[in-house]
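Student: End of the sequence shown sits at 844 in our numbering; the numbers just go up one at a time, nothing left out.
We treat Cβ as the ideally placed atom computed from N, Cα and C, and that holds for glycine.
All of these numbers come straight from a predicted model, not from anything done at the bench.
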Amino acid sequence: MEDRRKCSPGAFRAVIAPWLAAALLGCAGAAGQADTSARPSTEATTTAPSDNGRPSSSELAVSGVVKAPDGKPVDGALVAAVVGESGEIAARVRTSGGGRFRIVGLKPGRYGLTATAPGFAAAYHDAFDLAPGKPLEGQDLALGGKGFTLRGVVRRVNGQPASRAQVLAFRSSEFEGDTFVVETDERGAYAITLPEAEYSLGVDVPGERTSPTLVTEPRDHTLDLNLERDFPVDQPPPDEVVAWLKQNAIPLRTVEAGKGFADLVPLRDVVGKARVVSLGEATHGTREFFKLKHRLFEYLATELGFTGFAIEASMPDSRPVNEYVLTGKGDPVAVVAGMGFWTWNTEEVIDLVRWMRKYNEDPAHTRKLRFYGFDVQAPASGARVLLDDIRRLDPAYLPEATKLLAPIDSDFEASILKDLSTAEVQAIADGVERVIKHIDENKDAYEKRGGAGAHALAHLTARTIRQGIEPGPVFPDRGTRDSAMAENVRALLDIDGPGSKLVLWAHNLHVNRTREATFPRMGWLLHEALGAEHVIFGFAFGSGSFQALDMRPETGMALRSFTVGPMPPGSIDAGLSLVGHPLYALDLRRAPKGSPAASWLGAHMLTRFVGSAYPEAYPQASMTKLSWAKEYDAVLYVRETTAARPSALYKKTPRLQPAKTPTLVNPGLEEGKAGETPAGWTFWQQHGHSAELTTQRPHGGKRAAALIRDKAQVALGLGKLSQQIDAASYRGKRIRVRAFARAEVRGPGNEAAFYLDARPAAARIWTSSVAFATTRDAITTAAWKEQTLEASIPESADALEIGFVLSGSGRAFLDDVSIEVVGEAKP
18 MEDRRKCSPG AFRAVIAPWL AAALLGCAGA AGQADTSARP STEATTTAPS DNGRPSSSEL
78 AVSGVVKAPD GKPVDGALVA AVVGESGEIA ARVRTSGGGR FRIVGLKPGR YGLTATAPGF
138 AAAYHDAFDL APGKPLEGQD LALGGKGFTL RGVVRRVNGQ PASRAQVLAF RSSEFEGDTF
198 VVETDERGAY AITLPEAEYS LGVDVPGERT SPTLVTEPRD HTLDLNLERD FPVDQPPPDE
258 VVAWLKQNAI PLRTVEAGKG FADLVPLRDV VGKARVVSLG EATHGTREFF KLKHRLFEYL
318 ATELGFTGFA IEASMPDSRP VNEYVLTGKG DPVAVVAGMG FWTWNTEEVI DLVRWMRKYN
378 EDPAHTRKLR FYGFDVQAPA SGARVLLDDI RRLDPAYLPE ATKLLAPIDS DFEASILKDL
438 STAEVQAIAD GVERVIKHID ENKDAYEKRG GAGAHALAHL TARTIRQGIE PGPVFPDRGT
498 RDSAMAENVR ALLDIDGPGS KLVLWAHNLH VNRTREATFP RMGWLLHEAL GAEHVIFGFA
558 FGSGSFQALD MRPETGMALR SFTVGPMPPG SIDAGLSLVG HPLYALDLRR APKGSPAASW
618 LGAHMLTRFV GSAYPEAYPQ ASMTKLSWAK EYDAVLYVRE TTAARPSALY KKTPRLQPAK
678 TPTLVNPGLE EGKAGETPAG WTFWQQHGHS AELTTQRPHG GKRAAALIRD KAQVALGLGK
738 LSQQIDAASY RGKRIRVRAF ARAEVRGPGN EAAFYLDARP AAARIWTSSV AFATTRDAIT
798 TAAWKEQTLE ASIPESADAL EIGFVLSGSG RAFLDDVSIE VVGEAKP
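1) Which residues share a DSSP beta bridge with Thr798?
2) Could you round the C-beta distance between Ala400 and Ile425 to whole angstroms and report it? I think they count as a contact, below 8 Å.
3) Using 8 Å as the cut-off, can you tell me whether the stretch 720-728 makes contact with the stretch 347-355, which would need three or more C-beta pairs spanning the two stretches below that distance?
4) Could you tell me whether the Cβ atoms of Arg720 and Ala744 are closer together than 9 Å?
5) Quick one: is Pro679 buried, meaning 16 or more other Cβ sit within 10 Å of its Cβ, or exposed?
6) Ignore the nearest five residues each way along the sequence and tell me which others in Gly734's own chain have a CB closer than 6 Å to its CB.
7) Does the distance from the C-beta atom of Leu309 to that of Phe556 stay below 9 Å?
8) Residue ranges of each beta strand (DSSP E) run of no fewer than 3 residues wholly in the stretch 80-152, ordered along the chain?
9) Using DSSP with H/G/I as helix, E/B as strand and the rest coil, what is Gln564?
10) Which residue from Gln264, Asp92, Pro152, Glu154 puts its Cα closest to that of Tyr845?
11) Give every residue of the same chain whose Cβ lies closer than 7 Å to the Cβ of Glu812, excluding the five residues on either side of it in the sequence, and list them in chain order.
12) How is Phe15 classed by DSSP in three states: helix, strand or coil?
13) Can Gly448 and Ser398 be called in contact, C-beta distance under 9 Å?
14) Going by DSSP, what residue range makes up the alpha helix (DSSP H) through Gln264?
15) Quick test of your reading: Phe554 and Ala651, contact by CB under 8 Å. State the CB separation rounded to the nearest angstrom.
16) Should His472 and Ile456 be called a contact, given that it needs their Cβ atoms to be closer than 9 Å?
17) Do Leu605 and Ala254 count as a contact pair if the criterion is CB distance below 9 Å?
18) Does the stretch 243-257 come within contact of the stretch 170-185, defined as at least 3 CB pairs closer than 8 Å?
19) Among residues of its own chain, excluding the 5 on either side of Pro125, which ones have a beta-carbon nearer than 7 Å to its beta-carbon?
20) How do the stretch 516-525 and the stretch 317-329 stand: do at least 3 beta-carbon pairs fall below 8 Å, yes or no?
21) I'd like to confirm the pairing. Which residues does DSSP put opposite Gly390 in its beta bridges?
22) Quick check: the Cα distance between Lys690 and Thr712, rounded to an integer number of angstroms?
23) Since His716 contacts Asp794 with CB under 8 Å, what's their CB separation in whole angstroms?
24) Can you check whether the CB of Thr791 is closer than 9 Å to the CB of Asp850?
25) In terms of residue numbering, what span does the beta strand (DSSP E) encompassing Thr711 cover?
26) Give me the DSSP bridge partner(s) of Met373.
27) Tell me which residues share the same chain as Lys290 and place their Cβ nearer than 8 Å to its Cβ, disregarding the 5 neighbours each side in the sequence.
28) Please state whether DSSP places Ser335 in a helix, a strand or coil.
29) Would you give the residue range spanned by the alpha helix (DSSP H) that Arg466 belongs to?
30) Where does Lys642 land, buried or exposed, given buried means 16+ other C-beta within 10 angstroms?
31) Please state the DSSP three-state secondary structure of Arg480.
32) Would you grab the beta carbon distance between Leu618 and Ala608 for me? Rounded to a whole angstrom, and I think it's under 8 Å.
33) Go through its chain and collect everything with a Cβ distance to Ala565's Cβ below 8 Å, but skip five positions before and after it.
34) With a threshold of 16 other CB atoms inside 10 Å of the CB of Pro412, please say whether the residue is buried or exposed.
35) Apart from the five residues on each side of it in sequence, which residues of its chain come closer than 6 Å, Cβ to Cβ, to Gly825?
36) Is DSSP giving Thr658 helix, strand or coil here?
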């Protein structure tokens, strides 16, 4: 789940691409099967299938030549037409007759082209739009001379080599349509040389499918790929499977807590002797999932001795929730909002937290419930919480710790880690390591001053900060996040002591037992450590609503409700709906080995996997194929769902991208009405910030811009004023951006910053920068001070975003912004 970090299209694809490929190819059936490379011709041609199997008058063609690095044509190269960001192979063809290719019958839309050939690194052609009546010629591709090679053997379900199978390599990137394709030979062997990047591999063979394989290290690998049975997506499960499902389903009466446990008693055998019970979810915004988890925790705590509850939220941000649960200190609505995840800032989670407090108030419950987070996405708030620990337990060390954590103690600083150099991020990480070392060297003093567990809690808080600033971005997720979450869960078990039992709340994606190449999920790592003491419930639903972020850039990733209908007949979700119960549990381990039910549950089948964002125009992107029997111990099924309900403190505005203008607009902040947002500038905020023109103490002229948050119920969040300028006049140049700024703020994490962010062509709001600069020293003083930024703007830049940010609370002021060219771009 992403929340407070910008996430690029590449980051999104890195997570979904392996499963998306299976979903798309499974649905499309004919996709990629139109290879006519055996056709004798001076120019290789293929026809992409239309809905009725024949090209329509609206379908188009694209042609070109594939060349070697020295410019010579390459015959026999495999060229693929790839659909936009989805990665679906629309058609493929081999070059011949001077490296030429021609793909006909493509439907209107956005495509990329890729090419592979033995001995060369694969080629990619920038995505382009095909429109009726406009065939594209001269779309040449240049193979590379350098890269790394993946090779291996693809084997079918029966163990025989899969000859002439299509191996797909999905690149984790910000490009559209960069899926590379090769074919296996008669021995099932494949080899593909790729440009340096992260990839996920899939194989397309009718009736069979591979588990996704992630390649995170750009070096030569030998990766054998084993196919598994793939049930047709358009056919329901066999009758004997449906009969077994009906016979073994455990009907549940309600999702509402406080309704008794009679129907939940059979789950005692499902849980067994587990110390950790993981509760997944098919979406991050389903009311019935959330309420059912509440009810299950009520049962596990009351009847089976579970005392710990941990959610997919940052560990430091969850500590105020735990304090409320244990002592009643604070407001439950505010402490839940303070976790910083819109996904949990809901009425349903608040109800759970209130119930935990009520449970702890009962003197008969001598072992109290505790609330934890185990995620690592909030190093800034972690720094603030850790400084509070040090202020209380180790005051003499506070000045040094404050200095070491200063580069990461605001939400803005945390959000730009991806834009810093590896050396800069490593320096920040080294500073945190020094704090951890000091805490560990003073363990006895921490325990003496704070009591049992004080050191462990401070150490874990510091550890999550370090995990959250691992050099390299958290997204694309290389498994570092899941590894950190599993490590933190085990640490929480140790903190709670012998005999502790913990309930986890996270997405199906994190709790499952997926073990990809170099990419273990949290569920897999906990399974490796705990074995049978870890039981996993996956969640599925038939149809209904959920809340998620709208992926369309023009909406600014706004949160809203989506409604979806039933899945295809051959999906796990549709199969589970045939049971007939509106709400039930199913122990997947009860299917007899070798039975039709075991075969069906063990196969890779389509299912929903909706994360924090939902691409409504392309719902297949939120589907995946996986083996439920391998990934989960049990399933909880809800036939009809509704959207989770945001709490009263959900105040995040859409992250709208500023309209691109030819030049800097209203640089002196004079245009507009006092008390309103400055003309020409776009405002975005989290948790109660405001922006306005003010006549009080401007630097020049009569007005200045002010970002304000005087009172806040949560510490986190930021407000931002920004605008985007067309980069055309600045490409290849070094520019200097100036502004005057001041701030009236107090305390760690409350500060202002001024930044310049150059975005690439076709940039979206989540696209990574091609050049970035920001104030190195936080703006925290009340006196006006000139802020100067310089950056070299590459030819790939499309827009320059100039922005001013207030992190946390206080007031920050901006005036007299300017931009100038100072020379040629530096290499």
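Tutor: Reading off the structure:
1) In the DSSP output, where bridge partners are listed per residue, Thr798 has none listed.
2) 5 Å
3) no
4) no
5) exposed
6) Gln703, His704
7) yes
8) 95-100, 105-111, 117-123, 126-133, 140-147
9) strand
10) It is not possible to answer for residue 845, since the shown part of the chain is limited to 18 through 844.
11) Arg748, Gly749
12) As shown, the chain starts at 18 and ends at 844. That puts residue 15 outside it, with no answer to give.
13) no
14) 256-265
15) 5 Å
16) yes
17) Correcting the residue identity first, residue 254 is Pro in this sequence and not Ala. No.
18) yes
19) Ser75, Leu77, Leu147, Ala148, Pro149
20) yes
21) Ile328
22) 10 Å
23) Not confirmed; about 18 Å, so no contact.
24) Residue 850 lies beyond the stretch modelled for the chain, which goes from 18 to 844, so this question has no answer here.
25) 707-711
26) Paired residue(s): none; Met373 is not in a bridge.
27) Ala549, Glu550
28) helix
29) 460-467
30) buried
31) helix
32) 6 Å
33) Thr300, His301, Gly302, Leu576, Arg577, Phe579, Val627, Gly628, Ser629, Ala630, Tyr631
34) exposed
35) Gly766, Asn767
36) strand
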